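In our numbering, the protein residues as written are 7 to 122.
Built from N, CA and C at the ideal position, the CB exists for glycine as well.
Just so you know, these numbers come straight off a predicted model, no measurement behind them.
Remarks on the structure that follows.
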C-alpha cells in the first residue's frame, strides 16, 4: 500500500521505468484527486480569482524546480489544470512514473495547506 505521506517523503529521480497498469490503483488511492488521462495524470484546481490562481502557480514553482519534474500547466482566470507524465519512460515514448505521483502529492499538500 502506498501512502500519501510516503510520496511526500520521496524525491523524484531520473527513471526510464514507467509504472505498469497493475500498480496504478495504489498510487491513485494515495492521490485520489488525480485521474489518468491516457499516458499522464491530471488534476484541475479551482480558485476564487486570477490572483489566487497565480499565487498557487508561484507556490508550486519551487517544488516543480526542486523535483526537476515539470508538468504541463493550463492556467485560466480561476483554474489551473496540471498534467504530469514522464517522457523518459517506455523507451522514450513517455508514460506515468512514480515521479508523477511524488510531485502530485507535493502539489496537493501545498493546495491543502494554503488554498483549500
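Need the endpoints of the beta strand (DSSP E) that residue 79 sits in, please.
Translated into the one-based positions of the chain shown, residue 79 becomes position 73. Note, residue 79: beta strand (DSSP E), 78-82.
For residue 49, which residues from the same chain have a beta carbon less than 6 Å from its beta carbon, with the 5 sequence-adjacent residues on both sides left out?
Your numbering for residue 49 matches position 43 in the chain shown. These residues qualify, in order along the chain: 39, 40, 88.
Who are the Cβ neighbours of residue 14 in its own chain at under 7 Å, not counting the five residues just before and after it?
Here residue 14 refers to the residue found at position 8 when the chain shown is read from its first residue. 111, 112, 115, listed in sequence order.
Count the other CB atoms, across all protein chains shown, that sit within 10 Å of the CB of residue 46; report buried if there are 16 or more and exposed otherwise.
Counted from its first residue, the chain shown places residue 46 at position 40. With 16 or more Cβ atoms within 10 Å of its Cβ, residue 46 is classed as buried.
With the cut-off set at 7 Å, would you say residue 18 and residue 78 are in Cβ contact?
For the purposes of this step, residue 18 is taken as residue 12 along the chain shown, with counting starting at 1. For the purposes of this step, residue 78 is taken as residue 72 along the chain shown, with counting starting at 1. Their beta carbons are not under 7 Å apart, which means residue 18 does not touch residue 78 by this criterion.
For residue 118, the three-state DSSP class (helix, strand or coil):
Counting from one through the chain shown, the residue named residue 118 turns up at place 112. Correct three-state label for residue 118: helix.
Going by DSSP, what residues sit across from residue 87 in a beta bridge?
Here residue 87 corresponds to residue number 81 of the chain shown, with the count starting at 1. In DSSP, residue 87 forms a bridge with 50, 80.
Expected contact under 8 Å - CB spacing of residue 81 and residue 63 to nearest Å:
By one-based count along the chain shown, residue 81 stands at place 75. By one-based count along the chain shown, residue 63 stands at place 57. Yes, they are in contact, since the Cβ atoms of residue 81 and residue 63 sit about 6 Å apart, within 8 Å.
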